[in-house]
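Following: one structure in structure tokens, then a few remarks.
Protein chains in written order, with the numbering used here: chain A, 11 to 354; chain B, 11 to 354; chain C, 11 to 354; chain D, 11 to 354.
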């Protein structure tokens with residue numbers, strides 16, 4: 011079976027493993043207070059052109075999301091998210107575990123708009139019973155989204171403007187950010203993220219690390235005491251340097267960008283193959299996720315050799331399927347897959 | 011500076027790293043549903059002689075503690091712990107974050123007794139206002155404790171008996187269990203732990219893994235839906251196999267025991283050196299932690315070359331200090347240290 | 011201004027006040043452990059034909075809802091509710107404050123169906139990532155609903171059957187139950203509620219008490235230690251007898267039913283008036299809430315003399331409005347209103 | 011049986027009941043947004059000489075405490091309290107239910123000192139692992155304390171000074187404040203409380219109301235959005251005017267002070283009787299609680315006619331007992347009791 015179902019099937023890029031091996035015998039302080047974490051944080055600040063930003067390193071995405079939201083909101087506040095957002099559907103209530111409601115907005119393609127956000131906040135304040143309703147306090151976007159779609163810079167800027175006008179924190183979940191940065195036509199950059207958001211994550215797990223998410227915080231109100239929050243959420247890794255070291259490896263010579271480009275290129279080959287045989291895509295997803303609409307017969311045929319998801323049944327016995335490439339996708343596997351697609 | 015302040019200054023044992031490297035390119039399912047995790051769980055069941063136990067793998071100890079406690083207790087219940095217990099003082103309120111109170115009992119040497127537990131529960135039920143008071147629902151022990159002390163098998167058995175009689179879950183935090191199992195004279199074994207507790211952890215982080223704690227659950231009431239709880243607490247590692255692989259390496263040929271024995275032997279050399287110069291130990295700690303009582307001058311002298319903690323000031327300008335050995339402690343470093351101790 | 015906007019504009023029925031005055035100087039135990047609470051609980055068990063049920067008395071509805079849900083669910087579980095359910099939209103996240111997600115189902119008329127519930131649960135268990143998703147653990151209905159609609163006995167029975175088949179607790183919020191029991195054609199009775207639900211509330215606040223909600227629990231799993239949960243949620247009234255006394259007054263000679271009948275009769279007069287002038291109702295609400303669809307001009311005209319809500323704008327400058335009668339509605343006020351409606 | 015066990019055995023003062031009866035048929039807005047609550051809040055601001063303070067009215071003390079603490083603290087912060095504090099021992103973990111740890115300080119007489127507070131905060135920041143430890147964020151005092159003791163104005167001022175220096179909120183629980191204000195020699199006044207604390211409560215339940223606690227907030231950081239917090243905690247009474255009306259009755263012509271003086275006078279008679287026969291008091295409690303140390307025989311004798319608590323066993327078969335007077339204590343009951351004491 012050749013795996014195209016997610017971007018965390020393999021271990022780590024060789025540079026990451028090498029770094030860990032080379033430094034294995036060194037003795038350092040624990041809990042992220044070592045020199046490697048400091049270097050990695052400095053490198054992130056530099057790439058983000060955000061000299062005052064904090065960068066923290068956590069093990070996983072759900073942990074990072076819950077910690078950020080818990081650090082930012084007061085108890086009666088909730089977080090606006092697309093109804094398909096990861097925090098809304100795939101974290102077993104980790105946000106509710108902190109007492110916060112996820113306030114969902116419909117978003118057919120995984121995205122929400124500045125107008126939707128403004129309307130939701132205006133509706134809250136216009137309701138005479140507003141104090142009986144969870145107050146929107148933050149906006150959560152993912153970039154790329156769960157459906158592989160991307161925000162344009164103009165969209166991000168407009169959302170940022172609305173958030174500041176309406177006193178909402180803006181949080182961008184970048185679990186797949188490496189692929190968002192590398193995607194063709196994408197114009198959201200690290201400095202723009204740092205400038206437009208109050209906090210964002212930059213995922214390592216899906217981009218060549220064994221594990222690790224960087225949390226980049228530009229708003230001091232969220233940054234204050236953030237390490238307490240990390241510890242409280244069980245996210246303070248004893249051998250914290252493992253996170254710093256991995257990010258150093260990924261950021262060195264823009265390795266994360268090369269890995270992103272690789273995944274995007276492989277996704278492009280698969281996209282072209284589906285297009286060539288007239289199989290439509292459910293979403294316009296320029297990053298590393300593809301959502302072809304397959305008939306049952308087509309899905310059955312491909313599933314004999316390839317692992318991928320059928321995420322939603324449609325009418326006429328069709329399905330929205332999901333194919334995912336990654337830093338580790340082997341071109342020869344894509345070669346096989348595209349050949350088989352062309353036989354559909 | 012030579013580090014004796016904790017047992018997580020270095021990376022991982024070479025066998026652990028080798029396993030990770032060798033399997034790096036393999037594609038497996040995520041979230042702990044891979045074959046390596048299954049094998050490691052099976053191996054743990056076998057070592058524990060507990061064929062029906064569940065074994066789950068989490069990244070860190072605070073996370074593991076909070077997840078276990080959250081899985082076990084109803085909202086109005088709390089967990090009894092020594093006042094020095096890790097959950098009571100060093101987890102930034104991770105247990106309270108789940109809504110549970112840590113009910114502390116005094117324990118001069120880090121241990122609590124069956125009699126104390128029974129008295130606390132009896133006092134609860136004897137109070138006419140018992141419904142206004144957090145109900146004890148679980149007992150938390152650590153073995154070894156924060157002060158390096160160990161429970162004898164007889165003590166564990168008696169605590170277990172009381173817990174069952176009083177309807178309390180018994181949870182043993184084994185973050186340093188490898189050293190507890192290897193300590194001289196220790197008679198608590200894995201099968202006894204599995205038999206006497208409802209749940210215990212078996213730490214990898216401090217015993218040669220990069221990271222990882224195994225949670226071994228023998229009580230089905232806690233085991234039910236435990237993976238939901240892991241995810242909710244942000245503890246479900248995407249590349250879950252990294253945890254299974256590391257535990258496989260540690261459990262193979264009883265590597266964890268060899269590593270434990272090594273640390274115990276090195277601690278013994280240091281213990282002997284302090285004894286030789288008449289420096290007393292604050293606690294009778296047979297595992298890998300030593301708590302010599304140093305004068306300010308002695309501490310200052312040793313701190314010029316060695317990192318260790320001064321954990322508590324005493325009268326007469328003296329301190330309880332803490333020295334820690336580990337799987338990675340180099341005998342030549344111990345040689346230097348003991349030579350310097352003998353000069354005190 | 012004559013008030014038709016809710017059923018808690020006035021104080022309490024005279025019998026309730028009289029009871030409180032007559033017993034004012036008596037000395038009783040606090041916290042609901044007095045004889046009046048015991049008598050009221052016994053009376054409820056008798057009316058419900060549920061000799062083993064527990065009845066507890068809390069001050070308010072949001073408090074009662076949160077306490078019940080917190081007592082019933084494990085941390086990773088959520089509660090299914092109509093998207094218009096009170097817990098979903100009007101309790102400022104009191105359910106999320108206990109860590110639980112409200113899992114909403116669409117319900118145009120405020121109701122949800124057994125088929126929707128079954129489908130939601132089946133979908134959960136069919137998802138390969140089910141452990142990453144909040145598990146449905148309870149169903150929350152309100153009767154009457156927020157939109158004044160009622161469940162038929164057949165509907166309640168079918169929902170109850172599905173809940174038991176799917177291992178979900180069934181909770182009915184009866185903040186306006188007095189009006190649901192009195193409504194024309196309603197066939198859900200107290201004994202049926204006790205038989206079909208695991209827990210339900212019977213509201214006093216909106217039915218002639220100063221305040222007070224009875225929580226009736228038939229499932230021992232929820233009943234266990236429930237008083238701890240009340241205290242923990244800040245709901246244990248020091249002078250608990252005030253609640254028992256009020257419910258005794260309401261239950262004596264079926265006063266609650268007389269009060270319910272009064273409100274239903276007054277609502278019927280208003281309903282007839284709207285029908286007479288061809289103003290449609292948005293929902294078929296046989297209890298004490300009416301939702302006529304008014305033009306802006308009609309609403310403006312009526313609002314010069316009457317307080318009522320405009321709850322939803324429609325197209326063509328029309329609104330769904332809400333009129334509410336109660337135990338305290340004065341027939342002469344209804345006379346005025348219906349005369350004015352007939353002028354529309 | 012004559013009751014001396016608490017100050018909430020009876021209903022309400024006649025003025026309170028009369029107010030409720032007189033206004034019973036009026037129609038007002040719900041949820042505390044009526045004119046009576048506004049008047050009561052204004053009256054409190056005036057008595058406190060704090061024109062910018064917010065005053066909110068909640069039903070009960072546990073609810074008020076949890077809501078205030080939840081409004082004030084960030085998740086990783088805890089609240090310093092005497093180990094006998096109500097929030098520490100008698101609220102079934104209501105503070106932990108909001109995720110906050112109660113950080114207890116020893117206080118033999120129910121009080122804590124400015125020096126203790128300063129030391130606890132200094133110790134926190136001096137610990138190299140401070141981020142692993144719950145951060146003190148608030149100080150909770152009760153006045154009178156659970157042991158009937160009072161803070162002097164000098165003590166309160168010094169605690170306030172330390173709190174401001176150390177960036178801690180200061181919260182005074184005044185469930186029995188009426189008795190604290192009336193106690194002989196007490197020099198803490200309402201204006202001083204308003205000036206020295208960030209928030210305090212002023213209890214009605216124990217001072218002649220049916221129920222009700224006023225929360226007075228002078229710090230805008232806690233006041234912001236406080237009504238959301240009230241609702242979220244289930245504390246927003248539908249017929250909110252009942253609270254405003256009761257406080258208006260209590261504050262009118264300083265009724266609360268008269269009631270306080272009455273209770274203090276009755277307590278004084280009992281205190282004198284114990285002194286006359288040489289029975290010592292465990293604490294110097296000038297308010298309405300007395301803690302005589304009784305032998306078993308003495309306690310048995312008095313318990314044949316009087317209800318009071320034995321709160322702590324001492325050696326030699328003696329007990330610390332608790333007698334409580336209130337606004338409702340009848341002088342003839344005190345006459346009987348003092349006569350019987352004199353026979354001991």
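For glycine and all other residues, C-beta sits at the position ideal for the given N, C-alpha and C.
In the DSSP assignment, the alpha helix (DSSP H) including residue i goes from what residue to what residue?
{"i": "residue 120 of chain C", "result": "First-last for residue 120 of chain C: undefined, no H or E at that position."}
{"i": "residue 193 of chain A", "result": "Where residue 193 of chain A is concerned, there is no enclosing alpha helix (DSSP H), given that its DSSP letter is neither H nor E."}
{"i": "residue 183 of chain D", "result": "No alpha helix (DSSP H) contains residue 183 of chain D, which is instead part of the beta strand (DSSP E) from 179-183."}
{"i": "residue 433 of chain A", "result": "Outside the modelled stretch of chain A, which goes from 11 to 354, sits residue 433 of chain A, for which no answer is possible."}
{"i": "residue 17 of chain A", "result": "Segment: none, residue 17 of chain A is in no alpha helix (DSSP H) and carries neither H nor E."}
{"i": "residue 341 of chain D", "result": "341-352"}
{"i": "residue 142 of chain B", "result": "Run containing residue 142 of chain B: none; DSSP gives neither H nor E here."}
Give the residues of chain B in contact with residue i, contact being defined as C-beta atoms less than 8 Å apart.
{"i": "residue 145 of chain C", "result": "235, 238"}
What are the boundary residues of the beta strand (DSSP E) that residue i is part of?
{"i": "residue 66 of chain C", "result": "64-68"}
{"i": "residue 146 of chain D", "result": "145-152"}
{"i": "residue 88 of chain A", "result": "87-92"}
Less than 6 Å between C-beta atoms, sequence neighbours within five positions excluded: which residues of the same chain meet that for residue i?
{"i": "residue 71 of chain D", "result": "185, 223"}
{"i": "residue 38 of chain D", "result": "44, 251"}
{"i": "residue 17 of chain D", "result": "216, 334, 336"}
{"i": "residue 229 of chain C", "result": "208"}
{"i": "residue 94 of chain D", "result": "120, 156"}
{"i": "residue 323 of chain C", "result": "329"}
Residue i touches chain D at which residues, Cβ-Cβ below 8 Å?
{"i": "residue 80 of chain A", "result": "85"}
Strictly below 7 Å CB to CB, what residues from chain D border residue i?
{"i": "residue 141 of chain A", "result": "237, 238, 241"}
Got a sec? Which residues, its chain only, sit under 7 Å from residue i by beta carbon, not counting five neighbours each side?
{"i": "residue 352 of chain A", "result": "283, 286, 287"}
{"i": "residue 245 of chain A", "result": "68, 69, 73, 77"}
{"i": "residue 102 of chain D", "result": "none"}
{"i": "residue 7 of chain C", "result": "The structure shown does not extend to residue 7 of chain C, since chain C spans only 11 to 354, so no value can be given for it."}
{"i": "residue 41 of chain A", "result": "246, 248, 250"}
What does a CB cutoff of less than 8 Å around residue i pick up in its chain, not counting 5 residues either side in sequence?
{"i": "residue 258 of chain D", "result": "29, 46, 49, 50, 53"}
{"i": "residue 165 of chain B", "result": "121, 123, 124"}
Residue i versus chain A: which residues are under 7 Å apart at the beta carbon?
{"i": "residue 89 of chain C", "result": "What residue 89 of chain C touches in chain A: nothing, since even the nearest Cβ is about 11 Å away."}
Residues of chain B with CB under 7 Å from residue i, in chain order?
{"i": "residue 111 of chain D", "result": "103, 106"}
Since residue i meets chain C, which of its residues come closer than 7 Å, beta carbon to beta carbon?
{"i": "residue 99 of chain A", "result": "143"}
query: For the segment 233-246 of chain B against the segment 80-89 of chain B, are there 3 or more C-beta pairs whose distance is under 8 Å?
result: yes
- prompt: Residue ranges of each alpha helix (DSSP H) run of no fewer than 4 residues wholly in the segment 288-339 of chain A, ordered along the chain?
  reply: 306-313
query: Okay, do the segment 172-189 of chain A and the segment 260-271 of chain A touch, 3+ Cβ pairs below 8 Å being the bar?
result: yes
message: Under 8 Å: do the segment 82-98 of chain A and the segment 128-146 of chain A share three or more Cβ pairs, one atom per stretch?
response: yes
message: Threshold first: 4 residues or longer. Then list the alpha helix (DSSP H) segments lying entirely within the segment 188-245 of chain B, N to C.
response: 200-206, 230-233, 236-242
query: Is the segment 20-31 of chain D touching the segment 17-32 of chain C in the sense that three or more CB pairs, one from each, lie closer than 8 Å?
result: yes
message: Under 8 Å: do the segment 152-169 of chain C and the segment 192-212 of chain C share three or more Cβ pairs, one atom per stretch?
response: yes
task: Take every Cβ of the segment 290-302 of chain C, pair it with every Cβ of the segment 318-329 of chain B, and state whether three or more of those distances are shorter than 8 Å.
output: no
query: Do the segment 126-139 of chain B and the segment 167-187 of chain D make contact, defined as three or more Cβ pairs closer than 8 Å?
result: no
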